[in-house]
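A.B. asks: I have a structure I would like to understand better, so I am pasting it below and will then ask my questions one at a time.
Protein chains: 2
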Amino acid sequence: MKPIITAFEHSPDRGRGLARDMRVRWALEEAGVAYDVRLVSFAAMKEPAHRALHPFAQIPTYEEGDLVLFESGAIILHIAQHHAGLLPGDANARARAIAWMFAAVNTVEPPVLDLQVAKFAEGDKPWAAERMPLVRERIRERLRDLSARLGDADWLDGAFSAGDLLMIGMLMRVKPSGLLDEFPNLAAYLARGESRPAFQRAFAAQLAVFTAHA
Amino acid sequence: MKPIITAFEHSPDRGRGLARDMRVRWALEEAGVAYDVRLVSFAAMKEPAHRALHPFAQIPTYEEGDLVLFESGAIILHIAQHHAGLLPGDANARARAIAWMFAAVNTVEPPVLDLQVAKFAEGDKPWAAERMPLVRERIRERLRDLSARLGDADWLDGAFSAGDLLMIGMLMRVKPSGLLDEFPNLAAYLARGESRPAFQRAFAAQLAVFTAHA
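Here the protein sequences come in this chain order: A and B. In terms of the working numbering, the first sequence opens at residue 1 and continues consecutively. In terms of the working numbering, the second sequence opens at residue 1001 and continues consecutively.
Have a look at this one:
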């Protein structure tokens, strides 16, 4: 049964792969799962029909027969549990890969989201310039720890996993800030993720949506 | 094999159950798993021995034989996958409960963390008073959606699950802000969680640590 995901009709990131459907597309590509996409406008996203799929009126959602899921982390975990390629077979290694998934969304992403807020929601506020270094320092703190743990390994814990996928998705959002320049091993880790064929297919697919609607 | 978790020796929340070991203790109590606790000081948390367990130098961690985990969400999912009481048996319902776990940590928690930052890290900044209503409004937006979805149900999706556990853990952190007063069904949902015997055992255990070290 071909799953259906939702994505922005007009992504505010202009096809740079920063919207959260990118992570889910990438996971589907890694797992070799064909999928369909239903595009939603900002207006339609707030309507009851979409809210029935996503209580917080966001994208992506995931429909597979009777199953409806929201939250990119949960969707990716679901895909990873049903297909090879995203989680190790060994039970302990699997639990650790899932720990990296949560670390990406709950420890590293909050300060990164705060940077988005500082730029896009509070960029015109009188405190914007003075507050920005504090926001950046909180991201730097996480990156410092992440960089120390990664060291010169290719991936966070053994083979590439859904934990790397989500963490690299985070780093894509960090990249425009320039903060990755301070952590060459994280910049290389991001590049390593972006060079995966599955990433490239997913990236091209989301970019094609932007190009077609531009 | 009795798992060992770590918790603050001196919790900055003064035993109000807002530190993240509370969620893990609650999950272990729901699952009927006996556990040991190793207390760590703020200084010890930054040392290599603790960083080997937790790359971001935080609590809680979880040790069970050879397995070492960090991230409360991942620890709770691990417990839920190995014991009854935290996830439904039906595969689709299970995936949806996990979606609520991610919603709690990745959609609802970031603005709640931002409120902590606004109060404790930026409370003395010149913009503190003017910025606070914006921070509160971003939490309110999430609570509005959560309240609409919960309606008059007892739990988010059928029986109590690890999704409710993490969401109620979030709402405990929201409560001091007064924002829950605007959403009576969420206040009742929080109270329903807090009245569970497993919650009460976990709460008493973490409070006892604070009392003993006070």
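Ideal Cβ placement from N, Cα and C applies to all residues, glycine included.
Enumerate, from N- to C-terminal direction, the unbroken alpha helix (DSSP H) stretches of 4 or more residues contained entirely within the region 87 to 124 of chain A.
C.D. replies: Listed in chain order, the complete alpha helix (DSSP H) runs (minimum 4 residues) inside the region 87 to 124 of chain A are 91 to 102 and 109 to 116.
A.B. asks: Against chain B, does A/Arg96 count as a neighbour if the rule is that its beta carbon must be under 8 Å from one of theirs?
C.D. replies: Position 96 of the first sequence, counted from the start, is the residue given in the question as residue 96 of chain A. Yes, its Cβ sits closer than 8 Å to a Cβ of chain B.
A.B. asks: Relative to the alpha-carbon of A/Ala212, which residue among A/Leu113, A/Gly15, A/Arg196 and A/Met101 has its alpha-carbon at the smallest distance?
C.D. replies: Looking up residue 212 of chain A in the first sequence gives position 212. Comparing Cα-Cα distances from A/Ala212 to each of A/Leu113, A/Gly15, A/Arg196 and A/Met101, the minimum goes to A/Gly15.
A.B. asks: First and last residue of the alpha helix (DSSP H) that includes B/Asp1145?
C.D. replies: Residue 1145 of chain B sits at position 145 when you count from the first residue of the second sequence. Ala1128 to Leu1150 is the span of the alpha helix (DSSP H), which, as asked, contains B/Asp1145.
A.B. asks: Can you confirm whether the region 1184 to 1203 of chain B touches the region 1015 to 1031 of chain B when touching is taken to mean that 3 or more C-beta pairs between the two stretches lie within less than 8 Å?
C.D. replies: With a cut-off of 8 Å, the region 1184 to 1203 of chain B and the region 1015 to 1031 of chain B count as touching, because enough Cβ pairs lie within range.
A.B. asks: How about A/Ala34: is its C-beta nearer than 8 Å to some C-beta of chain B?
C.D. replies: Translated into the one-based positions of the first sequence, residue 34 of chain A becomes position 34. Chain B, which has no Cβ nearer than 8 Å to the Cβ of A/Ala34, makes this no.
A.B. asks: Could you check what DSSP says for B/Arg1038 in three-state terms: helix, strand or coil?
C.D. replies: Taking the first residue of the second sequence as position 1, residue 1038 of chain B is located at position 38. If DSSP states are grouped into helix, strand and coil, B/Arg1038 belongs with the strands.
A.B. asks: Once the 5 residues before and after B/Arg1196 are set aside, which same chain residues still bring their CB inside 6 Å of it?
C.D. replies: Here residue 1196 of chain B refers to the residue found at position 196 of the second sequence. The answer is none, since no qualifying residue turns up.
A.B. asks: Which of helix, strand or coil does DSSP assign to A/Val33?
C.D. replies: Position 33 of the first sequence, counting from 1, holds the residue named residue 33 of chain A. Looking at A/Val33 - three-state DSSP - the assignment turns out to be coil, as it is neither helix nor strand.
A.B. asks: Please report whether the beta-carbon of A/Val24 lies at a distance below 8 Å from any beta-carbon of chain B.
C.D. replies: For the purposes of this step, residue 24 of chain A is identified with residue 24 of the first sequence, where counting begins at 1. Not closer than 8 Å to any Cβ of chain B, the Cβ of A/Val24 fails to qualify, so no.
A.B. asks: Using 8 Å as the Cβ pair cut-off and three pairs as the minimum, do the region 94 to 104 of chain A and the region 42 to 55 of chain A touch?
C.D. replies: No contact exists between the region 94 to 104 of chain A and the region 42 to 55 of chain A.
A.B. asks: Just how far apart, CA to CA, sit B/Arg1020 and B/Ile1059?
C.D. replies: Counting from one through the second sequence, the residue named residue 1020 of chain B turns up at place 20. Counting from one through the second sequence, the residue named residue 1059 of chain B turns up at place 59. For B/Arg1020 and B/Ile1059, the distance between alpha carbons rounds to 7 Å.
A.B. asks: Within a Cβ cutoff of 8 Å, which residues of the same chain sit near A/Val40, ignoring the five residues on either side of it in sequence?
C.D. replies: Looking up residue 40 of chain A in the first sequence gives position 40. Thr6, Ala7, Phe8, Glu9, His50 and Ile59, listed in sequence order.
A.B. asks: At the level of alpha carbons, what is the spacing between A/Ala218 and A/Phe183?
C.D. replies: Residue 218 of chain A lies beyond the range of chain A shown here (1 to 214); nothing can be said about it.
A.B. asks: Can you round the beta-carbon distance between B/Leu1018 and B/Met1172 to whole angstroms, since I take them to be within the 8 Å contact cut?
C.D. replies: The count along the second sequence starts at 1 and reaches residue 1018 of chain B at position 18. The count along the second sequence starts at 1 and reaches residue 1172 of chain B at position 172. That pair is a contact at about 6 Å.
A.B. asks: Please decide whether A/Val105 counts as near chain B, where near means a Cβ-Cβ distance under 8 Å.
C.D. replies: Walking along the first sequence from the start, residue 105 of chain A turns up at place 105. So yes, A/Val105 belongs to the interface.
A.B. asks: In the DSSP assignment, what are the bridge partners of B/Thr1061?
C.D. replies: Counted from its first residue, the second sequence places residue 1061 of chain B at position 61. The partner list for B/Thr1061 (beta bridge, DSSP) reads B/Phe1070.
A.B. asks: From the DSSP secondary-structure annotation, give me the bridge partner or partners of A/Thr6.
C.D. replies: Sequence index remark: in the first sequence, residue 6 of chain A carries index 6 (1-based). DSSP output for A/Thr6 lists A/Arg38 as bridge partner(s).
A.B. asks: Any beta-carbon of chain B closer than 8 Å to the one on A/Leu28?
C.D. replies: Translated into the one-based positions of the first sequence, residue 28 of chain A becomes position 28. So, not an interface residue.
A.B. asks: Mind checking whether B/Leu1186 and B/Leu1134 have CB atoms under 8 Å apart?
C.D. replies: Residue mapping note: residue 1186 of chain B aligns to position 186 of the second sequence, counting from 1. Residue mapping note: residue 1134 of chain B aligns to position 134 of the second sequence, counting from 1. Result no, Cβ atoms of B/Leu1186 and B/Leu1134 do not sit closer than 8 Å.
A.B. asks: Can you check which of these residues, A/Gln81, A/Pro126, A/Ala191 and A/Asp181, is closest to B/Asn1092 by C-alpha distance?
C.D. replies: Counting from 1 along the second sequence, the entry for residue 1092 of chain B is found at position 92. When only C-alpha atoms are compared, the closest one is A/Gln81.
A.B. asks: Short check: CB of A/Leu180 to CB of A/Leu190, under 8 Å?
C.D. replies: Counting from 1 along the first sequence, the entry for residue 180 of chain A is found at position 180. Counting from 1 along the first sequence, the entry for residue 190 of chain A is found at position 190. Against a cut-off of 8 Å, the Cβ pair of A/Leu190 and A/Leu180 comes out as a contact.
A.B. asks: At a CB-CB cut-off below 7 Å, which residues of chain A make contact with B/Ala1099?
C.D. replies: If you number the second sequence from 1, residue 1099 of chain B lands on position 99. Residues of chain A passing the Cβ test: Leu69, Phe70, Glu71 and Ala74.
A.B. asks: Can you give me, in chain order, the residues of the region 1106 to 1131 of chain B that have a beta carbon less than 8 Å from any beta carbon in chain A?
C.D. replies: Per Cβ criterion, the list reads Asn1106, Thr1107, Glu1109, Pro1110, Leu1113, Asp1114, Val1117, Ala1121, Glu1122, Lys1125, Pro1126, Trp1127, Glu1130 and Arg1131.
A.B. asks: From B/Val1155 to A/Asp152, what distance separates their C-alpha atoms?
C.D. replies: Locating residue 1155 of chain B in the second sequence gives position 155, where the first residue counts as 1. Locating residue 152 of chain A in the first sequence gives position 152, where the first residue counts as 1. The sequence given here has Trp at residue 1155 of chain B, not Val. Each residue's alpha carbon lies about 45 Å from the other.
A.B. asks: In chain order, what residues of the same chain lie with their CB nearer than 7 Å to the CB of A/Gly158, ignoring the 5 residues before and after it?
C.D. replies: Looking up residue 158 of chain A in the first sequence gives position 158. Taken in chain order, the residues that qualify are Pro88 and Ala93.
A.B. asks: Can you pull the chain B residues whose beta carbon is under 8 Å from the beta carbon of A/Pro55, in chain order?
C.D. replies: Indexing the first sequence from 1 puts residue 55 of chain A at position 55. Chain B residues near A/Pro55: Ala1103, Asp1145, Leu1146, Ala1148 and Arg1149.
A.B. asks: Ordered along the chain, which non-local residues of its own chain (more than five positions away) have a Cβ less than 7 Å from that of A/Gly73?
C.D. replies: Working through the first sequence from its first residue, we reach residue 73 of chain A at position 73. Excluding sequence neighbours, A/Gly73 sits near Met101, Val105 and Leu166.
A.B. asks: Any beta-carbon of chain B closer than 8 Å to the one on A/Arg14?
C.D. replies: In the first sequence, counting from the first residue as 1, residue 14 of chain A sits at position 14. No, no contact with chain B.
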